[in-house]
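Visitor: Quick one: the structure is below, and I'll ask about it shortly.
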Amino acid sequence: MAASDIRLSYYITTFQKLPYLKVVLQDLIDNRQPDEEIVVADGGSKDGTPEWLRELHAAGKIQQFISLPDKGEAHGVNRALLACRGEVLKWINDDDVFCYPAIRECRDFLLNNPEYDVIGADGFDNYTGQELELVEHVAHFTKWKEQKEPFGFYGPGLMLRRSSLALIGVTHALSRFVDNEYTYRITSLPVKMAWYRKPVFVRIINPDSNTLKFLKIKRTEQGINDVYREIATGRPVSELKRQRMVNAVKRKVYDILYRRSSTISAEKYEVKDFAPLYAEHRATLYKAYETAKGESFLR
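If you use UniProt numbering, the sequence shown closes out at 299, no skipped numbers anywhere.
The structure is reproduced here in structure tokens:
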């Protein structure tokens with residue numbers, strides 16, 4: 001396929017997660033359109049991932065792959081981003097569920113509206129290890145539109161125009177919460193962004209998720225985002241910290257009232273049970289997509 005024929009590039013990073021990757025990537029392969037490519041960046045796995053990717057590439061099921069040791073997820077994401085040839089770029093995680101009809105709607109929006117740089121979207125989360133919860137950022141998007149107040153959102157909800165990388169840049173290789181830093185930085189910049197209102201993904205937190213691995217440094221990394229906000233808005237970080245304390249108290253009250261926990265934890269399942277869990281969450285996601293009402297995009 002000639003580079004000029006590629007409209008959308010899916011980019012995905014992975015390391016030592018072959019049982020998850022096999023499920024997620026097969027779903028992506030089954031849904032890839034003829035004018036789309038799949039780019040996989042593996043961080044030098046020793047669990048059979050490189051060999052499997054080589055087989056897929058030889059069979060024409062994926063269009064590009066890299067398997068080399070990297071310096072963390074951001075390094076892998078940047079390798080994949082720089083290898084992409086499509087006009088539009090879509091973030092895919094190796095252990096999450098995606099709604100491909102929703103992705104196609106977002107792709108078509110960017111292709112038909114060349115003045116837009118970015119699309120953001122919401123999805124389901126299970127960060128407490130309990131029931132799925134639809135996480136929505138519409139209020140944040142509205143505030144961003146009105147006041148240019150930066151906000152972070154999940155990478156699985158992100159879609160970019162490749163030519164906009166000159167403005168946005170690639171991910172920060174120092175960051176461990178890669179999508180949070182990247183999306184916060186994007187919303188700190190003078191980009192033109194639309195918000196897609198239907199759910200696009202389900203995040204599945206598992207013991208191998210970076211969300212759990214690097215949770216202890218999340219507060220430290222928040223300092224980077226606070227600086228972005230202060231530069232973008234001119235408002236002091238102290239104001240934001242006060243609001244954050246108020247929000248923390250509100251969350252505690254909510255947890256007590258509804259007898260649940262906001263502590264981030266993995267869903268309880270064995271690796272061998274990932275495929276049926278994926279199928280269950282996929283059904284939930286597609287049903288929510290099909291029954292969603294109202295305008296698809298906020299501009």
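We put the beta carbon where it would ideally sit given N, CA and C, even for glycine. Being a predicted model, the structure only gives us computed values, none of them experimental.
Which full runs of the beta strand (DSSP E) of 3+ residues lie inside the UniProt domain "Glycosyltransferase 2-like" (11-164), going along the chain?
Guide: With a minimum length of 3 residues, the continuous beta strand (DSSP E) runs that stay inside the UniProt domain "Glycosyltransferase 2-like" (11-164) are 36-42, 64-67, 88-92, 118-121, 123-125, 133-135, 159-161.
Visitor: Bridge partners for phenylalanine 274 per DSSP, in chain order?
Guide: According to DSSP, which records beta bridges pairwise, phenylalanine 274 is partnered with nothing at all.
Visitor: May I ask whether a heavy atom of the ligand SAM can be found less than 7 Å away from the beta carbon of proline 34?
Guide: The ligand SAM is not part of this structure, which contains no ligands at all.
Visitor: So what does DSSP say about leucine 298, is it helix, strand or coil?
Guide: Reduced to three states, the DSSP call for leucine 298 is strand.
Visitor: What residue range does the alpha helix (DSSP H) around alanine 232 cover?
Guide: It spans 218-233 - the alpha helix (DSSP H) in which alanine 232 sits, taken as one unbroken run.
Visitor: I believe isoleucine 186 touches isoleucine 204 by the beta-carbon criterion, under 8 Å. Please report the beta-carbon distance rounded to the nearest angstrom.
Guide: Rounded, the Cβ-Cβ distance is 24 Å, inconsistent with contact.
Visitor: Since I believe glutamate 87 is in contact with arginine 162 (beta carbons under 8 Å), could you give me their beta-carbon distance rounded to a whole number of angstroms?
Guide: Sure, about 6 Å apart at Cβ, within 8 Å.
Visitor: Name the residue from Tyr154, Asn93, Leu28, Cys106 whose alpha carbon lies nearest to the alpha carbon of valine 14.
Guide: Note on identity: in this sequence residue 14 is threonine, with valine being the wrong assignment. It is Asn93.
Visitor: Would you call the CB atoms of valine 39 and cysteine 84 closer than 8 Å?
Guide: Yes, Cβ-Cβ distance for valine 39 and cysteine 84 is below 8 Å.
Visitor: If we ignore side chains and look at the alpha-carbon of each, how far apart do leucine 81 and aspartate 35 end up?
Guide: Whole-angstrom Cα-Cα distance: 17 Å.
Visitor: Where do the N-terminal and C-terminal ends of the beta strand (DSSP E) with tyrosine 196 fall, by residue?
Guide: Its beta strand (DSSP E) spans residues 193-196.
Visitor: Would you please state the rounded distance, in angstroms, between the beta carbons of glutamate 181 and glutamate 131? I believe it to be under 8 Å.
Guide: Glutamate 181 to glutamate 131, Cβ: 28 Å. No contact.
Visitor: Under 8 Å by Cβ, that's how I've got cysteine 99 and phenylalanine 201 pegged, so tell me the actual separation to the nearest angstrom.
Guide: At roughly 7 Å, the Cβ-Cβ gap stays under 8 Å, so cysteine 99 and phenylalanine 201 are in contact.
Visitor: Within 10 angstroms of its Cβ, does valine 227 collect 16 or more other Cβ (buried), or is it exposed?
Guide: Its Cβ having fewer than 16 others within 10 Å, valine 227 is exposed.
Visitor: Just tell me which of Gln16, Glu136, Glu37, Phe124 has its CA closest to the CA of glutamate 280.
Guide: Checked all of Gln16, Glu136, Glu37, Phe124; the closest Cα to glutamate 280 is Phe124.
Visitor: Do leucine 158 and tryptophan 91 count as a contact pair if the criterion is CB distance below 8 Å?
Guide: For tryptophan 91 and leucine 158, yes; Cβs fall inside 8 Å.
Visitor: Inspect the beta-carbon positions of serine 188 and proline 236 and report whether they are closer than 8 Å.
Guide: The answer is no: Cβ separation not under 8 Å.
Visitor: Given serine 175, which residues of its chain have a CB within under 8 Å of its CB, disregarding the five upstream and five downstream residues?
Guide: The residues are Ala74, Glu181, Tyr182, Glu221, Ile224.
Visitor: Going straight from the alpha carbon of isoleucine 6 to that of serine 238, what length do you get?
Guide: Taking the straight line from one Cα to the other gives about 46 Å.
Visitor: Once you ignore the five residues that flank leucine 111 on each side, which residues in its own chain have a CB closer than 8 Å to its CB?
Guide: Excluding sequence neighbours, leucine 111 sits near Arg7, Glu87, Val88.
Visitor: Who does lysine 8 pair with in a DSSP beta bridge?
Guide: In the sequence as presented, lysine is not what sits at residue 8; that position holds leucine. According to DSSP, which records beta bridges pairwise, leucine 8 is partnered with Glu36, Val88.
Visitor: Could you tell me if glutamine 63 is buried or exposed, where buried requires 16 or more neighbouring beta carbons within 10 angstroms of its beta carbon?
Guide: Label assigned to glutamine 63: buried.
Visitor: Since phenylalanine 201 sits in a beta bridge, which residues does DSSP pair it with?
Guide: According to DSSP, which records beta bridges pairwise, phenylalanine 201 is partnered with Phe98.
Visitor: What residue range does the alpha helix (DSSP H) around serine 188 cover?
Guide: Segment 178-188, the alpha helix (DSSP H) holding serine 188.
Visitor: Compare the C-beta of tyrosine 116 against all C-beta atoms of chain D and say whether one is closer than 8 Å.
Guide: Among the chains in the structure shown there is no chain D, since it carries only a single protein chain.
Visitor: Go ahead and label serine 4 buried or exposed: buried means 16 or more other beta carbons lie within 10 angstroms of its beta carbon, across all protein chains shown.
Guide: Looking at its Cβ environment, which holds fewer than 16 other Cβ atoms inside 10 Å, serine 4 is exposed.
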